[in-house]
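With mature numbering (1 follows the signal peptide of the UniProt record, and there is no 0) applied, the sequence shown corresponds to residues -23 to -1, 1 to 178, in that order.
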Amino acid sequence: MSDLHFVLVLLVVCCLTSCPAISKSLVHKLVRTRKIRVHREGEWKRTSDPALRLEEGQQIHVYSQSYADSIALSKDENDNKNLIMTEAEMQRLRSCVIYQDDRCIIVNKPAGLSVQGGTGTRRHLDGLLHCLVDDDAERPKLVHRLDRDTSGCLALGRSKKDASVLATMFRQGDVDKSYIALIGGIPEKVVLEALLALKYF
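Structure, rendered in C-alpha cells:
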C-alpha cells in the first residue's frame, strides 16, 4: 500500500487488489473467517474486521489456498447462477425491458421480486437475467439495487466493463433520477411526528 496516500477500509482494499473473479461477498467471507492478515505494529496479525482502517505503507496478505478456493467457488457460483424458467416467465421478464442498446439494458423491476439472492431467497432477478440475451451472449450484470418491494427502473450492463462504467456514473452523481407519483384527489394537510433512529451497519 506504499503508493496510497490516504486511508482505506480493509474491505475496499481487498476488492481493489483481488482477482476480478472474487466478489465482494467472498471478500467479506475471507475477512470474516480470518483468512486475511494485516502487517501492523511490526508483525502479521489476522483480522475479522472488514472496517479495519489501513494506514499508508501497511501490507495485507490473503492465504493463497483460501484465495484459490474462493476463485473456484466464485466461478461455480457464476456458472450455476442462472435459474430455470418457464417460457411464460421468460416472456414476462422480457416484457419488462423498457430500453436497451449495445452497452446497457433498463428493466422495470416488478415489486415483490428481489434483485439478488440471499438466505431464504431462491428466486431473484439476478438469476433470471440470462433470458434477456442470446444463449451465446454474456449474461447482463447488475449495476445497482432496488428493494424487494420496490418497483422501478433497474440498470444492467451488457458486460462487466459496461456495468463498472455505469456504476461509476451512479457513484459520481452523473445519473439523474426522477420520481413520479400518481395520486387521486387532494390529500388533507396533516403533520406527522415520529422519532427516527439512527443506526449504522
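Ideal placement from N, C-alpha and C gives every residue a C-beta, glycine not left out. Small disclaimer: the values here were computed from a predicted structure and weren't measured.
Asked, Found
"Taking DSSP as the reference, what is the three-state secondary structure of residue 170?", "coil"
"Assign residue 103 to one of two classes, buried (16 or more other C-beta atoms within 10 Å of its C-beta) or exposed (fewer than that).", "buried"
"At the level of alpha carbons, what is the spacing between residue 161 and residue 141?", "40 Å"
"Who are residue 73's beta bridge partners in DSSP?", "Bridge partners of residue 73: none, in fact."
"If we count Cβ pairs, one from each stretch, closer than 8 Å, do we get three or more for the region 117 to 131 versus the region 84 to 94?", "yes"
"Is it right to say residue 9 is buried, meaning 16 or more other beta carbons lie within 10 angstroms of its own, or is it exposed?", "exposed"
"Examine chain C for any beta-carbon lying closer than 8 Å to the beta-carbon of residue 171, and answer yes or no.", "No chain C is part of this structure, which consists of one protein chain only."
"By the 10 Å Cβ neighbour count, where 16 or more other Cβ atoms means buried, how is residue 166 classified, buried or exposed?", "exposed"
"In the DSSP assignment, the beta strand (DSSP E) including residue 12 goes from what residue to what residue?", "Looking at the DSSP string, residue 12 is not in any beta strand (DSSP E), and its letter there is neither H nor E."
"Rounded to whole angstroms, what's the CA-CA distance from residue 173 to residue 91? Just pull it up for me.", "26 Å"
"At which residues does the alpha helix (DSSP H) containing residue 63 begin and terminate?", "Looking at the DSSP string, residue 63 is not in any alpha helix (DSSP H), and its letter there is neither H nor E."
"Would you grab the beta carbon distance between residue 133 and residue 119 for me? Rounded to a whole angstrom, and I think it's under 8 Å.", "6 Å"
"Just curious, the alpha helix (DSSP H) that residue 137 is in, first and last residue?", "137 to 148"
"Measuring straight from C-alpha to C-alpha, what distance separates residue 93 and residue 108?", "16 Å"
"Starting from residue 24, follow the beta strand (DSSP E) in both directions and report where the run begins and ends.", "20 to 24"
"Terminal residues of the continuous beta strand (DSSP E) containing residue 82?", "81 to 86"
"Roughly how many whole angstroms lie between the Cα atoms of residue 98 and residue 75?", "26 Å"
"When the Cα of residue 179 is compared with those of 37, 144, 13 and 38, which residue comes out closest?", "The requested residue 179 is not part of the displayed model; the chain covers only -23 to 178."
"Output the distance between the C-alpha atoms of residue 36 and residue 25, rounded to the nearest integer angstrom.", "16 Å"
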